Structures are given as C-alpha cells and as structure tokens.
Amino acid sequence: MGVIGQTSAQMALRDPDIRLMLRVRDDDAEAFAELVERYQQRIVGIMNHLLGNTDEAEDLAQEVFLRVYRNRHKYSPSAKFSTWLFTIANNLALNVLRGRQRKPTVPLPAQESGPLGPRPAEQIVPDRELTPARGLRQRELQTVIRAALEELNERQRMAVVLNKFEEMSYGEIAEIMGLTTKAVKSLLSRARGKLREVLQPYVFMDGAPSAEEK
Amino acid sequence: MAMPFDENRQAELVEYLDGELDDRAAQEFEVRLGRDAQLRAEADELKRVWELLDFLPQPEASQTFTTRTLDKLAVLRPSASQSAAAKTVVDLPAGSRTLLWPWVAGFAAAAALLFLAAFSLSGTLGRKTPRPDDPKAVEEQMAKDLRVLDNLTLYQYGDDLAFVLGLDEPELFGEEAGR
Chain A
32 MGVIGQTSAQ MALRDPDIRL MLRVRDDDAE AFAELVERYQ QRIVGIMNHL
82 LGNTDEAEDL AQEVFLRVYR NRHKYSPSAK FSTWLFTIAN NLALNVLRGR
132 QRKPTVPLPA QESGPLGPRP AEQIVPDREL TPARGLRQRE LQTVIRAALE
182 ELNERQRMAV VLNKFEEMSY GEIAEIMGLT TKAVKSLLSR ARGKLREVLQ
232 PYVFMDGAPS AEEK
Chain B
22 MAMPFDENRQ AELVEYLDGE LDDRAAQEFE VRLGRDAQLR AEADELKRVW
72 ELLDFLPQPE ASQTFTTRTL DKLAVLRPSA SQSAAAKTVV DLPAGSRTLL
122 WPWVAGFAAA AALLFLAAFS LSGTLGRKTP RPDDPKAVEE QMAKDLRVLD
172 NLTLYQYGDD LAFVLGLDEP ELFGEEAGR
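Protein chains in written order, with the working numbering: chain A, 32 to 245; chain B, 22 to 200.
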C-alpha cells in the first residue's frame, strides 16, 4: 500500500480527485472509472478544439486516461489532480500537433466546401451589410473560426483553448504548459491578435452593434 | 526580447479583458479606457472576436467512452499485475507465500491500532458513553463517529500520528471540530 507525506496528505484531504487518484494508485478500477466519468467531457472537449476531429479527439482523450492509469504507481500529489491530468493532455496534444506540422496534409482544392472540408476564405466574402440571417450560415462561420484557430501555432492554440474553454487563469495555464505566467501572457496576446486579424470581418455577424455604432 | 509598443498595449488589453490585472492596475486601465476611444474600440473588437469562439460546437464524449476506456484497461491489467505487490505473490515459490501472512496480519493490526488511536485522540473512547435519554449527546457522538468513518479510507495513507490529528482540523473540512 502506498504511503504519502504530510503535505500530500493535506492535499488529498482538500481535493477529492486526489483521493480518487490515490485509490487508482492502489489498483482500484472503480476509482479510475469514476475519474474518467468526471473528466471525459472536458478532456474530449479540449482535444476536439485542438484537433478539429471528434474521433481523433476521443482517441487522444482515451490515451490521456490510459497514461494516467499506466503511471498510477508513480503518482504523488504535488498539485491539483486536474493540473496533473491537463498536463498529460497538453503533452499528448502538442506531440500530435507537432507531428501534423512535420507531415502537412494536402490542402483541399478550392471547389471543396461545406462539411467535407474548409472553404478557402476568399470564397466566404464577409459583408457587413448582410444581416446574420442572409449572411454566413453558422456552420460556415464555425469552419472559418476553426480555420483561424489552426492558423495559431500549437502552443498559442493550447493556451487559447485552456483560457477560453476551461476558463483557466494564466497561472494555471503556465503550470500545465510548463511556462512562466509572463510567457502565457505573451502567447495569449499574440494568439488573440492573430485571431483578430482573421476574424475581424466576421465580428458583426452576431448582429450586435459595435462600440462605435452605439 | 521586448515586445513592440503596440504589442505591449495589446498584451495589457488582453490581460485586462482576461481579468488578470490586479485591482489597482485594472482601475488605472479603466481610466485610460475611458479617455481613449481607440483603445475602447480595440477592446471591443478583441472581446467580440473572443466571443466568436463560442460559435464552435461543444461535442460531448460518446456514451461508450468510459466503457471503451475500461476495456482497454483490461488489456493493461497484465502489466498491472507486474507491480511490486503482485510480483511478490506471483514470483515467490509456493512455500514462501505463507511468509506473507504475518506481513498482512501485521499491516491489518497496524491499521486497526491507528484507527483506535484516532478514536482515543478524538476523545471518543475516553468519554463516557452518552446516555440514551440525552438525545443531544447521542447525536453529537454519532456525528463524531460518522466523521471518523467518513475518513476511514484516509487512515490507510497516514504514515504518522500528525496526519491522523490533522484530520480533525476544522479548516480542512470546513466544519467545526467536535471535541
């Protein structure tokens, strides 16, 4: 049976997920199933935003949990359990994204459009005079937004996903990504600047007036 | 490498929008926002672009995700059996397995002693048994016993008495310690 020090014990007392993970460390499969249930939506969600493919996202999310299980005997609580889990997710996702960069996919021909592939930006002409009802359909807007996310490098994309969809602070993101808070601030600033460059023409598609128009 | 001025301005703006500025810095920034229409327009644009990300679908994990993950776990379990504890059972000659029983019994005895120590230190054993006609005392005693039982699984991780005593700290449980 594993033994933990006093600081870890106090962390275990505060974090129910650490207590669960300590049971997983002791080969408690039920505790592992409960952890999977608790975190699957979040892990699948971020993987989906990072990879843009639901099946691949689930496969990678599953690998995150399997790594948790494979490394269970080495587990020693030194942070929140979620921080440890998302660190594993971050490492796996970055590996996949860097692998994609090394083996770039063939870009789709210009006539490909709709749900089968991204439509080149020049075929989606933003027009601020068009109302949302007559303008881009939501699915096309999603395609554009996803393409904008893919313009970011992998670390910028990870920081954006953790900040936007997990509502993590700069400090939490820094811990997960192994960076300083200052580095995260720079990542997010540049990422949001890039997103603004690409998505600025579509900003008024939600129909709400801009600050200038108010 | 220092960021150019406009990147610094953008970085501060993003930090403000993300709520990462401390109170004083946020207040100072708001004063600047009030005076600078261009800054306000940039803030508005950044905020709207950020909100566009909400249009992305939020897919849910498939209903079979947990089951499929656990199925893969079953494949991993042969490696789990290679853990130190399992190896001790699997690899020792049959006659040596009887040597394990004193260790198992010793551990169970240690766990039981730790449990009794927790009860003693919490005053449970040292106090008189509450009278049945004193419902308040009975209820207080039950609450103390329940707290011990709730944390029973944690005792197995305690490697010293300080940890056991720490279980009764109110700040760790958000409740008053019952002494």
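We put the CB at the ideal spot given by N, CA and C, even for glycine.
In this text, all values refer to a predicted model and were calculated from it rather than measured experimentally.
Is DSSP giving residue i helix, strand or coil here?
{"i": "B:E81", "result": "coil"}
{"i": "A:G130", "result": "helix"}
{"i": "B:Y37", "result": "helix"}
{"i": "A:K195", "result": "helix"}
{"i": "B:T87", "result": "helix"}
{"i": "A:V156", "result": "Any reading at A:V156 is ruled out, since the residue's pLDDT is 42, under 50, leaving its predicted position unreliable."}
{"i": "A:L168", "result": "As written in the sequence, residue 168 of chain A is Arg, which differs from the Leu given in the question. DSSP places A:R168 in coil when its eight states are reduced to three."}
{"i": "A:S220", "result": "helix"}
{"i": "A:F235", "result": "helix"}
{"i": "B:D44", "result": "helix"}
{"i": "A:A110", "result": "coil"}
{"i": "B:L54", "result": "helix"}
{"i": "A:N84", "result": "coil"}
{"i": "A:T211", "result": "coil"}
{"i": "A:L183", "result": "coil"}
{"i": "A:N121", "result": "helix"}
{"i": "B:N29", "result": "helix"}
{"i": "B:D75", "result": "helix"}
{"i": "A:D58", "result": "coil"}
{"i": "A:N102", "result": "coil"}
{"i": "B:D154", "result": "coil"}
How big is the Cα-Cα spacing for residue i and residue j?
{"i": "B:L89", "j": "A:T211", "result": "The amino acid at residue 89 of chain B is misidentified as Leu; the sequence shows Arg. Cα to Cα, the separation comes out at about 37 Å."}
{"i": "A:E87", "j": "A:N79", "result": "8 Å"}
{"i": "A:D58", "j": "A:A43", "result": "17 Å"}
{"i": "A:A178", "j": "A:R103", "result": "37 Å"}
{"i": "A:R150", "j": "A:G202", "result": "Any answer about A:R150 is weak, because its pLDDT of 43 lies below 50 and its placement is not dependable; what the coordinates show is given next. In a straight line, the C-alpha of A:R150 is about 37 Å away from that of A:G202."}
{"i": "A:Q71", "j": "A:A40", "result": "26 Å"}
{"i": "A:F63", "j": "B:F50", "result": "46 Å"}
{"i": "B:Q59", "j": "A:P108", "result": "47 Å"}
{"i": "A:W115", "j": "A:N194", "result": "17 Å"}
{"i": "A:N84", "j": "A:N121", "result": "17 Å"}
{"i": "A:I74", "j": "A:R101", "result": "18 Å"}
{"i": "B:L42", "j": "B:A32", "result": "11 Å"}
{"i": "A:L56", "j": "A:E197", "result": "The sequence shown places Arg at residue 56 of chain A, rather than the Leu named in the question. Taking the straight line joining both Cα atoms gives about 26 Å."}
{"i": "B:L38", "j": "B:E161", "result": "50 Å"}
{"i": "A:V191", "j": "B:L134", "result": "51 Å"}
Chain A partners of residue i, CB-CB under 8 Å?
{"i": "B:V52", "result": "None at all; the shortest Cβ gap to chain A is about 17 Å."}
{"i": "B:D31", "result": "Correcting the residue type first, residue 31 of chain B is Gln in the shown sequence and not Asp. Ordered by position in chain A, the residues that pass the 8 Å Cβ test against B:Q31 are S220, R223, G224."}
{"i": "B:E161", "result": "Neighbours of B:E161 on chain A: none; closest Cβ ~23 Å, over 8 Å."}
Which residues of chain A have a Cβ atom closer than 7 Å to the Cβ of residue i, listed in chain order?
{"i": "B:L74", "result": "I176, K195"}
{"i": "B:R56", "result": "What B:R56 touches in chain A: nothing, since even the nearest Cβ is about 15 Å away."}
{"i": "B:Q79", "result": "G76"}
Roughly how far, in whole angstroms, is the beta-carbon of residue i from the beta-carbon of residue j, given that I think they are within contact range, below 8 Å?
{"i": "B:L67", "j": "B:L91", "result": "Not confirmed; about 43 Å, so no contact."}
{"i": "A:L180", "j": "A:V127", "result": "Contact flag wrong, Cβ pair sits at about 15 Å."}
How would you call residue i, buried or exposed, if buried means at least 16 neighbouring beta carbons within 10 angstroms?
{"i": "A:V234", "result": "buried"}
{"i": "A:L219", "result": "buried"}
{"i": "B:A47", "result": "exposed"}
{"i": "B:V96", "result": "exposed"}
{"i": "A:T174", "result": "buried"}
{"i": "B:D205", "result": "Missing from the structure shown is residue 205 of chain B; chain B here goes from 22 to 200 and no further."}
{"i": "A:Q169", "result": "exposed"}
{"i": "B:A14", "result": "Residue 14 of chain B falls outside the range modelled here, since chain B spans only 22 to 200, and no answer is possible."}
{"i": "B:L73", "result": "buried"}
Under 9 Å between beta-carbons, which chain A residues line up against residue i? List them in chain order, please.
{"i": "B:E36", "result": "Y201, K216, L219, S220"}
List the residues of chain B that residue i touches, going by C-beta distances under 9 Å, in chain order.
{"i": "A:L93", "result": "For the record, residue 93 of chain A in the displayed sequence is Gln; it is not Leu. The answer, in chain order, is F86, R89, T90, K93."}
Who are the neighbours of residue i on chain B, taking C-beta pairs under 8 Å?
{"i": "A:T85", "result": "P80"}
{"i": "A:R227", "result": "E66, L67, V70"}
{"i": "A:Y106", "result": "None at all; the shortest Cβ gap to chain B is about 12 Å."}
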